[in-house]
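Enquirer: Before I ask anything, let me first share the structure, which is written out below as structure tokens.
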Amino acid sequence: MSSTRSHKRKNSHLFLQRKNSSSADMSIELNNFTVPDNQDVERQPLSDISNSLPRLDLRDRKVSRFTLLVIAVSVVISCLLVIPIYTASSSPAKPSSDKSGQSTLKSRFTIDDVLNGDFLTEEKMFRFVRPPGLIRYHDSDPGLYLTTEVDSEGKTGFVARQLYHAEFSEDLGLNEFSYEGTHYTVQSVKVSHRLDKMILGTDLEPEFRYSSRGHYFLRDTEMGTVKPITPLQSGELVKISYAHFSPNYNYIYFVFGNDLYIQNVYTNGAAKRITTDGSADVSNGKPDWVYEEEILASEQAVWWSPDDAKLVFAKFNDSSVESYHLPKFTTDAMYPPITSIKYPKPGTENPEVELYLFDMRQGVLYLLSKLSFSDDEPVKLDSILYDADWLDSDSFMFKVTDRSSKKMSVKIYNARMNTLMTTRTIDSSSYNGWIEKTKKILPIPPNEAKDRKGTGYVDIQTDANGYNHLFYFSSVASSEGTQITSGNWEITGSGIVGYEYETDTIFFTANEIDPMSQHLYAASLDFKGERETHLTILQETTSYDFYEFQLSSSGRYALMKMKGPDLPYTAAGLLSDVLDYKKINQDEVLILTKNEILQKSLEKHAIPSTSYKTMVTEDGATLDYVEIKPAHMDAKKKYPLLVSVYGGPGSRTYTNKFNIFFEQAVASGLDAIVLQIEPRSVGGKGWKYKSMAKEKLGYWEPRDVAHVTRTFMQHNQANIDEKRVAIWGWSYGGYTSLKTIEYDQGNTFKYMMAVAPVTNWTLYNSFYTERYMNKPSKNPSGYSDIAVVKDIAAFRKLQRFVVMHGTADDNVHIQNTYQFVDKLNLQGIKNYDMVIFPDSDHSIRYHNAQRIIFERLYAWLSEAFSGHLDIDDSYTVTPT
Numbered sequence: 097m098s099s100t101r102s103h104k105r106k107n108s109h110l111f112l113q114r115k116n117s118s119s120a121d122m123s124i125e126l127n128n129f130t131v132p133d134n135q136d137v138e139r140q141p142l143s144d145i146s147n148s149l150p151r152l153d154l155r156d157r158k159v160s161r162f163t164l165l166v167i168a169v170s171v172v173i174s175c176l177l178v179i180p181i182y183t184a185s186s187s188p189a190k191p192s193s194d195k196s197g198q199s200t201l202k203s204r205f206t207i208d209d210v211l212n213g214d215f216l217t218e219e220k221m222f223r224f225v226r227p228p229g230l231i232r233y234h235d236s237d238p239g240l241y242l243t244t245e246v247d248s249e250g251k252t253g254f255v256a257r258q259l260y261h262a263e264f265s266e267d268l269g270l271n272e273f274s275y276e277g278t279h280y281t282v283q284s285v286k287v288s289h290r291l292d293k294m295i296l297g298t299d300l301e302p303e304f305r306y307s308s309r310g311h312y313f314l315r316d317t318e319m320g321t322v323k324p325i326t327p328l329q330s331g332e333l334v335k336i337s338y339a340h341f342s343p344n345y346n347y348i349y350f351v352f353g354n355d356l357y358i359q360n361v362y363t364n365g366a367a368k369r370i371t372t373d374g375s376a377d378v379s380n381g382k383p384d385w386v387y388e389e390e391i392l393a394s395e396q397a398v399w400w401s402p403d404d405a406k407l408v409f410a411k412f413n414d415s416s417v418e419s420y421h422l423p424k425f426t427t428d429a430m431y432p433p434i435t436s437i438k439y440p441k442p443g444t445e446n447p448e449v450e451l452y453l454f455d456m457r458q459g460v461l462y463l464l465s466k467l468s469f470s471d472d473e474p475v476k477l478d479s480i481l482y483d484a485d486w487l488d489s490d491s492f493m494f495k496v497t498d499r500s501s502k503k504m505s506v507k508i509y510n511a512r513m514n515t516l517m518t519t520r521t522i523d524s525s526s527y528n529g530w531i532e533k534t535k536k537i538l539p540i541p542p543n544e545a546k547d548r549k550g551t552g553y554v555d556i557q558t559d560a561n562g563y564n565h566l567f568y569f570s571s572v573a574s575s576e577g578t579q580i581t582s583g584n585w586e587i588t589g590s591g592i593v594g595y596e597y598e599t600d601t602i603f604f605t606a607n608e609i610d611p612m613s614q615h616l617y618a619a620s621l622d623f624k625g626e627r628e629t630h631l632t633i634l635q636e637t638t639s640y641d642f643y644e645f646q647l648s649s650s651g652r653y654a655l656m657k658m659k660g661p662d663l664p665y666t667a668a669g670l671l672s673d674v675l676d677y678k679k680i681n682q683d684e685v686l687i688l689t690k691n692e693i694l695q696k697s698l699e700k701h702a703i704p705s706t707s708y709k710t711m712v713t714e715d716g717a718t719l720d721y722v723e724i725k726p727a728h729m730d731a732k733k734k735y736p737l738l739v740s741v742y743g744g745p746g747s748r749t750y751t752n753k754f755n756i757f758f759e760q761a762v763a764s765g766l767d768a769i770v771l772q773i774e775p776r777s778v779g780g781k782g783w784k785y786k787s788m789a790k791e792k793l794g795y796w797e798p799r800d801v802a803h804v805t806r807t808f809m810q811h812n813q814a815n816i817d818e819k820r821v822a823i824w825g826w827s828y829g830g831y832t833s834l835k836t837i838e839y840d841q842g843n844t845f846k847y848m849m850a851v852a853p854v855t856n857w858t859l860y861n862s863f864y865t866e867r868y869m870n871k872p873s874k875n876p877s878g879y880s881d882i883a884v885v886k887d888i889a890a891f892r893k894l895q896r897f898v899v900m901h902g903t904a905d906d907n908v909h910i911q912n913t914y915q916f917v918d919k920l921n922l923q924g925i926k927n928y929d930m931v932i933f934p935d936s937d938h939s940i941r942y943h944n945a946q947r948i949i950f951e952r953l954y955a956w957l958s959e960a961f962s963g964h965l966d967i968d969d970s971y972t973v974t975p976t
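Residue numbers (this note's numbering): 97 to 976.
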């Protein structure tokens, strides 16, 4: 069926990403090019089975210190054999004219050009400094932010500035310091709103996706002194898991040895130890592996009341959870040391969680709750804590689901009355889905002018039509919410990004214009049930742009990131001044983006063209896909085709963000066409589509991918080389690639590349898998007949394929790849390559692996498209 939507922007290639900003702190990666995921990242389900892309470290590139430089990438794959980079032979790019009218020849680019940093974009550090509480009026909000500046001696320092008063500048000290004869370089920083104290993180060692351990110091900016943040009475410096300020900046809290500690910022006393039972199996205030990866997306599990008087923390008990063991091979040890991770798999024991409240005034620790989905049933220790936060200084909300994430209870603990109640229950069967990871709720404070006597809140939940929208709950005890937004679109990205007390206006991002786009919207709480009259899009309504926003506490100022499809652009200033980047007056806003490196490369190279399209299947499903073509197509030539997939339920992988990385390098350097395909179960389009994945992962993804690919090939027969069609993906994308080959049986696809794929869902973690598939005992056919990769004979019909994996993958264990390869061997299938990356985790970057995997991916695909990997009837590689 023909496409129902198609829009095309010249030089709109992929989606360039930058490291996400936090309004509370600033993480700094010196000369480290961070590659985030190609989708919404804030508390989204798609970060589960990693659609979060690996970081690309280009440390040999000389850049400004403490400047955020990133290069956008798509997840890629590597190959088994060491093959030189091969550029497909073709006619040269057609001449173009420069501004002077002279004929110029733009060259193609390869993966080496990308990896060498030729398509970098530079962005100045900017972080709003969080105030102790909500700033209610614009006049009280100076737009205080933290940045870095280089002095006359070439040294980088931290500086606090204001958007209101451009001349305001507070020197907060250098990014390096010495303590007891040792020199330290700052890697993360948090500053108090009074600008008198700073938490400096150094020597950080990553643990898992969000967590690390390092040395932390407290800097007194007025005295210019630093002292270690340490649990030891002696003041000895030791590595701790994290260090953060309390909401009012009166305390620091941190975890050491899986025990929680609190320290008063303004006294010289030692840190107070709150818990004493921390161990390898029990952690306090710090999530275990599965909660960090799948639920909280954070290094911490501590929630302070807004007045600094109380805190709640979670205790995770993994005593009954089975361990997965990861040998470390690249050491000098004769016997590899073993790292063990508590990793629950489907149907096995889950961690037990308890919530504790610590009263700062009384110094007393209370057991707030053993997690239980229902108040009427006995405590169920396998219930899952999905979210938690304070609505005001007395009311603590937390959300709990049953083990398989099908029903959620929203509970309120009243600290003043010492009562616990369930205010509402959400049953996902009403929309034939599951409970998704939640976005942050927005507390709404009392306002006598609006006749609002108590605290309420705004939450995102599924409406009667199956779309995620805003609902207003007028009190903390409300069981029913008033729907604020509606329509066949969803709240996306960070969700709620700001609140303006003066006008009772909520700011949020959504994809109303198009599933691949994202804009800023405003909705008023002051309405009489007429939603259409109080909902406002704050940007050009005909635009397919993709925006991200952060707002200051009052909503007066904003950090705007235009992510694509045009060149990325970031600015900060009054919200009204930054809304439309095309009309920005640079005298009125702070310009944070420098695109000099990128611009030079765009002038030098012929950039592939990108179109964003939809296709309707025979059963009426609308599928989105991106089409990337070489800059100068020859109408008489046949081109190889690469299909890129992810497809995890609820994910948003391919959007209108600008990006140049692997797939653009393939289109340019290998002279190929690339399709990026979203199957029907992805996010942003309502539960009508997402629910298709319920209890049958791996069913619709291959059918949709194959349908789009075949239809595209039919409509472009004159330009597609049917013998040179490949598919690839990473993580869930690797799984989708395997299932597509299984379904296609070699009729469409001739080559496949899969990086770190799941091959059997009984091997993945229970939280993610059971959310979609239920327990194996309740859905045996779904696991054994639909989701597992089992038709091994289908892979014999490919010309060749390659599978890659890191041995230290803590997310998708290499056990998946080993079991799959063993099945290949048992059937005598030889037309495959396998690449193992010793001691690399899911991102595959250990010991130069990150660059190697991209280079070998490109080289393997180059060989495939040139016919050098084709097989004969005995399934051996044809000599070259």
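No residue lacks a Cβ here, since even glycine has one placed at the ideal position from N, Cα and C.
Of all the options Gln760, Tyr828, Pro324 and Ser284, which has the alpha carbon lying nearest to the alpha carbon of valine 210?
Expert: Residue mapping note: residue 210 aligns to position 114 of the sequence shown, counting from 1. Taking only the C-alpha atoms, the option nearest valine 210 is Gln760.
Enquirer: Mapping DSSP to helix, strand and coil, what is asparagine 944?
Expert: Along the sequence shown, one-based indexing puts residue 944 at 848. In this structure, asparagine 944 counts as helix in the three-state DSSP scheme.
Enquirer: Do you know whose CA, among Val225, Lys659, Ser939 and Ile522, lies nearest glycine 589's CA?
Expert: Walking along the sequence shown from the start, residue 589 turns up at place 493. For the residues Val225, Lys659, Ser939 and Ile522, the minimum Cα distance to glycine 589 belongs to Lys659.
Enquirer: Would you mind sorting threonine 666 into buried or exposed? The rule is 16 or more other CB atoms within 10 Å of its CB.
Expert: Stepping through the sequence shown from its first residue, residue 666 is reached at position 570. Buried.
Enquirer: Specify the secondary structure class of threonine 599 as computed by DSSP and reduced to three states.
Expert: Taking the first residue of the sequence shown as 1, we reach residue 599 at position 503. Of the three classes helix, strand and coil, the one that applies to threonine 599 here is coil, per DSSP.
Enquirer: Three-state secondary structure (DSSP) at aspartate 918?
Expert: One-based indexing of the sequence shown puts residue 918 at position 822. It is helical.
Enquirer: If you follow the alpha helix (DSSP H) that serine 862 is part of, which residue opens it and which one closes it?
Expert: Along the sequence shown, one-based indexing puts residue 862 at 766. Per DSSP, serine 862 belongs to the alpha helix (DSSP H) from 862 to 869.
Enquirer: Considering only DSSP beta bridges, list what proline 324 is partnered with.
Expert: As a working note, residue 324 is residue 228 in the sequence shown. Bridge partners of proline 324: Phe313.
Enquirer: Should leucine 242 and arginine 226 be called a contact, given that it needs their Cβ atoms to be closer than 8 Å?
Expert: Residue numbering aside, residue 242 sits at position 146 when the sequence shown is read from its first letter. Residue numbering aside, residue 226 sits at position 130 when the sequence shown is read from its first letter. No, Cβ-Cβ distance for leucine 242 and arginine 226 is not below 8 Å.
Enquirer: Between which two residues does the alpha helix (DSSP H) holding proline 803 run?
Expert: Residue mapping note: residue 803 aligns to position 707 of the sequence shown, counting from 1. Checking the sequence shown, residue 803 turns out to be histidine, not proline. Counting along the chain, the alpha helix (DSSP H) containing histidine 803 begins and ends at 796 to 811.
Enquirer: Under 8 Å between the Cβ atoms of leucine 259 and tyrosine 568?
Expert: The residue labelled residue 259 in the question sits at position 163 within the sequence shown. The residue labelled residue 568 in the question sits at position 472 within the sequence shown. Result no, Cβ atoms of leucine 259 and tyrosine 568 do not sit closer than 8 Å.
Enquirer: Just how far apart, CA to CA, sit threonine 903 and tyrosine 942?
Expert: Here residue 903 is taken as the residue at index 807 of the sequence shown, counted from 1. Here residue 942 is taken as the residue at index 846 of the sequence shown, counted from 1. Whole-angstrom Cα-Cα distance: 11 Å.
Enquirer: Would DSSP call lysine 825 helix, strand or coil?
Expert: Start at 1 with the first residue of the sequence shown, and residue 825 comes out as number 729. Looking at the sequence shown, residue 825 is not lysine but glycine. Three-state DSSP puts glycine 825 in a strand.
Enquirer: Closer than 8 Å is the cut-off here; do at least three beta carbon pairs connect the stretch 883 to 903 with the stretch 846 to 863?
Expert: Touching, per the Cβ criterion.
Enquirer: Do you know how far the Cα of isoleucine 587 is from the Cα of alanine 367?
Expert: By 1-based counting over the sequence shown, the position of residue 367 is 271. By 1-based counting over the sequence shown, the position of residue 587 is 491. Their backbone Cα atoms lie some 42 Å apart in a straight line.
Enquirer: What is the DSSP secondary structure of asparagine 912, reduced to helix, strand or coil?
Expert: Stepping through the sequence shown from its first residue, residue 912 is reached at position 816. Three-state result, asparagine 912: helix.
Enquirer: If you follow the beta strand (DSSP E) that tyrosine 653 is in, where does it begin and where does it stop?
Expert: Looking up residue 653 in the sequence shown gives position 557. Where tyrosine 653 is concerned, the enclosing beta strand (DSSP E) stretches over 653 to 660.
Enquirer: Looking only at DSSP bridge pairs, what is aspartate 455 linked to?
Expert: On the sequence shown, position 359 is the one that residue 455 refers to. BP columns for aspartate 455 point to Lys406 and Val460.
Enquirer: Let me make sure I understand the geometry here. Which of Arg499, Glu714, Asn912 and Gly779 has the alpha-carbon closest to that of aspartate 610?
Expert: The residue labelled residue 610 in the question sits at position 514 within the sequence shown. Answer by Cα proximity: Gly779.
Enquirer: Just verifying my parser: in three-state terms, what is the DSSP assignment at isoleucine 888?
Expert: One-based indexing of the sequence shown puts residue 888 at position 792. The three-state secondary structure of isoleucine 888, taken from DSSP, is helix.
Enquirer: Rounding to the nearest angstrom, what Cα-Cα distance links histidine 964 and tyrosine 954 in this structure?
Expert: Position 868 of the sequence shown, counted from the start, is the residue given in the question as residue 964. Position 858 of the sequence shown, counted from the start, is the residue given in the question as residue 954. Whole-angstrom Cα-Cα distance: 14 Å.
Enquirer: Report the CB separation of lysine 382 from methionine 456 in whole angstroms; it is logged as a contact under 8 Å.
Expert: Within the sequence shown, the letter at position 286 stands for residue 382. Within the sequence shown, the letter at position 360 stands for residue 456. Contact doesn't hold; Cβ gap of about 20 Å is too wide.
Enquirer: Please return the same chain residues whose Cβ sits closer than 8 Å to the Cβ of tryptophan 796, not counting the five positions on each side in sequence.
Expert: If you number the sequence shown from 1, residue 796 lands on position 700. Result list for tryptophan 796: Pro775, Arg776, Ser777, Met788 and Ala789, in chain order.
Enquirer: Applying the 10 Å Cβ sphere with the 16-neighbour rule, what's the burial state of phenylalanine 425?
Expert: Taking the first residue of the sequence shown as position 1, residue 425 is located at position 329. Exposed.
Enquirer: Taking proline 745 and tyrosine 831 to be in contact with their CB atoms under 8 Å, please state how far apart those CB atoms are, rounded to whole angstroms.
Expert: Taking the sequence shown and counting its residues from 1, the one referred to as residue 745 is at position 649. Taking the sequence shown and counting its residues from 1, the one referred to as residue 831 is at position 735. So it is not a contact: roughly 12 Å between Cβ atoms.
Enquirer: For alanine 256, which residues does DSSP report across the bridge?
Expert: As a working mapping, residue 256 is identified with position 160 in the sequence shown. Leu242 and Glu266, per the DSSP bridge assignment.
Enquirer: Which one of Ala763, Ile531, Tyr553 and Gly550 has the shortest CA to CA distance from asparagine 564?
Expert: Within the sequence shown, numbered from 1, the residue matching residue 564 stands at position 468. Looking only at Ala763, Ile531, Tyr553 and Gly550, the smallest Cα-Cα distance to asparagine 564 is reached by Ile531.
Enquirer: Hey, how far is the Cα of asparagine 380 from the Cα of isoleucine 756?
Expert: Within the sequence shown, the letter at position 284 stands for residue 380. Within the sequence shown, the letter at position 660 stands for residue 756. Each residue's Cα considered, the two are about 42 Å apart.
Enquirer: With DSSP as the reference, label methionine 788 as helix, strand or coil.
Expert: Start at 1 with the first residue of the sequence shown, and residue 788 comes out as number 692. Helix, per DSSP.
Enquirer: Decide if the stretch 805 to 822 is in contact with the stretch 851 to 864; the criterion is three or more beta carbon pairs, one per stretch, under 8 Å apart.
Expert: no
Enquirer: Would you please state the rounded distance, in angstroms, between the beta carbons of serine 500 and lysine 871? I believe it to be under 8 Å.
Expert: One-based indexing of the sequence shown puts residue 500 at position 404. One-based indexing of the sequence shown puts residue 871 at position 775. Indeed they touch by this definition, with Cβ atoms about 6 Å apart.
Enquirer: By Cβ distance below 8 Å, which residues in the same chain neighbour asparagine 681 in space, the five residues on each side in sequence not counted?
Expert: Translated into the one-based positions of the sequence shown, residue 681 becomes position 585. Excluding its 5 nearest sequence neighbours in each direction, asparagine 681 has C-beta neighbours in its own chain below 8 Å: Asp673, listed in chain order.
Enquirer: Is it true that the CB of valine 255 sits closer than 8 Å to the CB of tryptophan 237?
Expert: For the purposes of this step, residue 237 is taken as the residue at position 141 of the sequence shown. For the purposes of this step, residue 255 is taken as the residue at position 159 of the sequence shown. Reading off the sequence shown, one finds aspartate at residue 237, where the question assumed tryptophan. Cβ distance not < 8 Å, so aspartate 237 and valine 255 don't count as in contact.
Enquirer: For leucine 296 and serine 284, what's the separation of their Cα atoms in angstroms?
Expert: The residue labelled residue 296 in the question sits at position 200 within the sequence shown. The residue labelled residue 284 in the question sits at position 188 within the sequence shown. Whole-angstrom Cα-Cα distance: 6 Å.
Enquirer: From the DSSP output, in three-state form, read off glutamate 608 for me.
Expert: For the purposes of this step, residue 608 is identified with residue 512 of the sequence shown, where counting begins at 1. Residue state, collapsed to three classes: coil.
Enquirer: Can you tell me whether leucine 177 is buried or exposed, with buried defined as 16 or more other CB within 10 angstroms of its CB?
Expert: Numbered from 1 along the sequence shown, position 81 holds the residue referred to as residue 177. Per-residue confidence for leucine 177 stands at a pLDDT of 28, beneath the threshold of 50, marking its modelled position as unreliable; the derived number appears in the next sentence. The residue is exposed, with fewer than 16 neighbouring Cβ atoms inside 10 Å.
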